[in-house]
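Chains as they are written, first to last, in our numbering: chain A, 20 to 179; chain B, 20 to 179. Where a beta carbon is used, it is the ideal one built from N, C-alpha and C, also for glycine. These notes concern the structure reproduced below.
There are 2 protein chains.
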Amino acid sequence: MEDRADYIRESIDFLHRFLVKSIQKHAEEHGLTVPQLRVIAQVLVNKQITIKHLTQNLRMTQSTVSDIVERLSAKGILLKTPNPKDKRSVIISVSEEVLNLIKDHSNEPVKRAVRDVLSLLTPEEQGTVEQGMRLLMKAVTEKMEKDGMGQMESFDEPFH
Amino acid sequence: MEDRADYIRESIDFLHRFLVKSIQKHAEEHGLTVPQLRVIAQVLVNKQITIKHLTQNLRMTQSTVSDIVERLSAKGILLKTPNPKDKRSVIISVSEEVLNLIKDHSNEPVKRAVRDVLSLLTPEEQGTVEQGMRLLMKAVTEKMEKDGMGQMESFDEPFH
DNA sequence: GTACGATAAATCGCACCCGATATATCTTAT
DNA sequence: ATAAGATATATCGGGTGCGATTTATCGTAC
């Protein structure tokens with residue numbers, strides 16, 4: 020049990036770093052950082068989006084998003100226009116010029132990386148991976164409910 | 020495949036955040052941050068350690084470690100003494116006073132969290148989780164070799 | 001209409017994270 | 001012994017991430 024818990028803990032850490040590395044290479048090709056690329060991707064997907072929704076979708080605090088958007092705006096990558104419906108709010112969009120340069124989504128390299136990884140396994144093995152992951156996720160969710168850790172409830176359950 | 024890759028990617032992200040949260044609560048009880056607690060734990064385990072080894076063990080850059088150690092030193096938690104064997108180096112240790120206050124290791128709360136999670140599953144389910152994790156790790160390692168991503172080779176393979 | 005509560009985003013201060021640089025020191029080659 | 005290469009750590013500058021605070025604005029209750 021002890022060794023198994025250690026293994027799982029370290030694996031999660033390792034896998035996470037692997038995913039971050041996958042997206043980092045892509046970001047650097049565009050002279051951006053990973054968080055910047057994630058923000059841009061969200062703006063691309065939504066065409067127009069507010070700081071608030073970026074905050075929710077990206078699971079960052081509003082202050083972090085504000086800073087990142089500000090720097091991307093200064094770089095001419097993102098546009099900030101006042102929201103006519105609410106003067107407290109701003110609309111974030113991608114400038115037309117940049118739109119043609121960045122046709123990719125932030126998750127694409129990560130998706131490709133995970134897909135490549137899975138393609139190295141047999142369908143049966145893939146099933147085991149997925150099953151194990153579901154069991155672990157279920158157990159974690161259960162523990163969180165027991166502990167009253169409701170702060171991560173914003174996780175979008177896949178396959179909803 | 021597409022949905023499965025998405026699920027696995029998001030699960031890894033979620034699980035990672037869960038682990039971080041687990042240690043965060045513990046850190047806050049001591050008025051510390053997670054990175055600080057990790058550094059302190061390494062110093063506790065090794066009694067005396069250099070910045071260089073902290074850097075390697077914690078998988079941070081030397082500049083990050085230097086900053087953290089500096090702040091912990093300013094708080095009186097860590098001690099920095101010149102290394103008599105090498106004037107470029109410093110020995111990091113825990114002050115005697117703090118030694119009595121912090122008898123815990125940084126990984127304990129995380130270990131406990133993962134153990135608690137696993138205890139919610141049957142032994143058979145635990146086996147599936149571990150098996151899936153091993154398959155995934157094997158596939159990721161394989162892909163990294165194909166891509167020449169040797170930079171993460173510092174991962175200590177468990178059960179060696 | 002007015003007051004109050006809630007909200008959106010900018011900003012601040014702190015800590016962390018990184019790569020690059022600088023300085024002093026050690027190791028190796030000649 | 002000397003010079004060159006390698007190394008340990010502090011520091012710098014830029015970016016990220018957070019919680020707290022501020023200011024303006026919106027929504028609701030009366």
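| query | result |
| --- | --- |
| Candidates B:ASN65, B:THR83, B:GLU89, B:ILE27: closest to LEU118 of chain B by CA position | B:ASN65 |
| Selected residue, minimal CA-CA separation from THR83 of chain A, among A:LYS71, A:HIS45, A:LYS94 | A:LYS71 |
| Distance between GLU115 of chain A and LYS106 of chain A (C-alpha atoms, nearest Å) | 24 Å |
| Interface flag, HIS72 of chain A vs chain B, CB-CB below 8 Å | no |
| C-alpha distance - MET79 of chain B paired with ALA158 of chain A, whole-angstrom precision | 30 Å |
| Straight-line gap, PRO54 of chain A to GLU161 of chain B (C-alpha atoms, nearest Å) | 27 Å |
| Other residues of its chain near ARG90 of chain B: CB distance less than 8 Å, five sequence neighbours each side excluded | GLN55 |
| Distance between beta carbons of LEU97 of chain B and VAL109 of chain B, contact taken as under 8 Å | Incorrect: roughly 10 Å between the Cβ atoms, too far for contact. |
| Extent of the continuous beta strand (DSSP E) run through ILE111 of chain A | 109–113 |
| Contact with chain A by LEU140 of chain B, beta-carbon distance below 8 Å | yes |
| Nearest-angstrom beta carbon gap, ARG28 of chain A and LYS130 of chain B [assumed within contact, 8 Å] | 7 Å |
| Residues in the stretch 26–37 of chain B having any Cβ partner in chain A nearer than 8 Å | TYR26, ILE27, ARG28, GLU29, SER30, ILE31, ASP32, PHE33, LEU34, HIS35, ARG36, PHE37 |
| VAL148 of chain B versus LEU51 of chain A - alpha carbon distance | 36 Å |
| For GLN67 of chain B, the residue or residues it bridges with in DSSP | B:SER112 |
| Option nearest HIS35 of chain B by Cα separation, candidates A:PHE37, A:ILE31, A:GLU21 | A:ILE31 |
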